[in-house]
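Student: Below: one structure in structure tokens.
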Amino acid sequence: DTILTGESGQVVLELSDGRQFSLRSNSILDIADLRKISEKELFLFLMRQKVDRLEDREAPAQLKLCKVSVVHGNKSKQQQAAEHTKGNNEFVRESNGVSALYEHGFFSNVIIKAHRILDRKPEISECTMIYEQLAEALEAVEKPEQAKQQFKAALEHAQKCGDSESAARYKEALDRLKN
């Protein structure tokens, strides 16, 4: 099940342990994102991320294809613009969901959800906030090396966008993690 809040909506959920979880406007969150993720599950997810980034081995035999025909059309500019707008709206909702998880201390959940967003949309310039929350969540669960990697990614994005204030904050975090 998924919760989707509109432009002026919000929702407050009472969790099984009695805590309240609030989701602000223009957010999307799967109910499954609110479950407690064990340290083992988080470890397995992070290891899978590393394995997925490994380069493929060369195949022992090559596959030869003969007489292949491919036909495809181009999308109209209207279709492209509509998909871009839809993608950005989806990204905003998902990143607001990550923010809500972070604010309520669901750090392991933030790590998994942020990784999934970044795997799908690494080119979006607004990802700086996702990298930052991912880094802070990794730091909160005591994964300093991985937190450094994400703060470096956030720093790169901030520098590309000319956001010197955020860049300074990420440099401070990297200095703090060196110790």
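For the sequence shown, my numbering assigns the number 1464 to the initial residue and increments by one for each residue that follows. Ideal placement from N, C-alpha and C gives every residue a C-beta, glycine not left out.
1) So the candidates are Met1592, Val1604, Asn1551; which of them puts its Cα closest to the Cα of Arg1632?
2) Going by DSSP, what residue range makes up the beta strand (DSSP E) through Ile1466?
3) On the CB-based measure, 16 or more other CB atoms within 10 Å of its CB, does Lys1606 come out buried or exposed?
4) Helix, strand or coil: which one does DSSP assign to Ser1501?
5) CB Asp1493 to CB Thr1468, shorter than 7 Å?
6) Taking the DSSP output, what are the residues bridged to Asp1493?
7) Would a C-beta distance cut-off of 7 Å place Ile1575 and Phe1508 closer than the cut-off?
8) Go to Ser1571, then tell me how far its alpha helix (DSSP H) extends in each direction, as first and last residue.
9) Closest to His1567 by CA distance: which of Arg1511, Val1475, Arg1583 is it?
10) The alpha helix (DSSP H) that contains Gln1473, what's its start and end?
Tutor: Let me spell this out:
1) Here the closest residue by C-alpha is Met1592.
2) Counting along the chain, the beta strand (DSSP E) containing Ile1466 begins and ends at 1465–1467.
3) Its Cβ being crowded by 16 or more others within 10 Å, Lys1606 is buried.
4) Annotated three-state conformation of Ser1501 is coil, per DSSP.
5) It is not a contact, given that the beta carbons lie outside the stated cut-off.
6) Answer is Thr1465.
7) Yes.
8) Where Ser1571 is concerned, the enclosing alpha helix (DSSP H) stretches over 1570–1583.
9) The candidate whose alpha carbon is nearest that of His1567 is Val1475.
10) If you look at Gln1473, you'll find it isn't in any alpha helix (DSSP H); DSSP assigns it neither H nor E.
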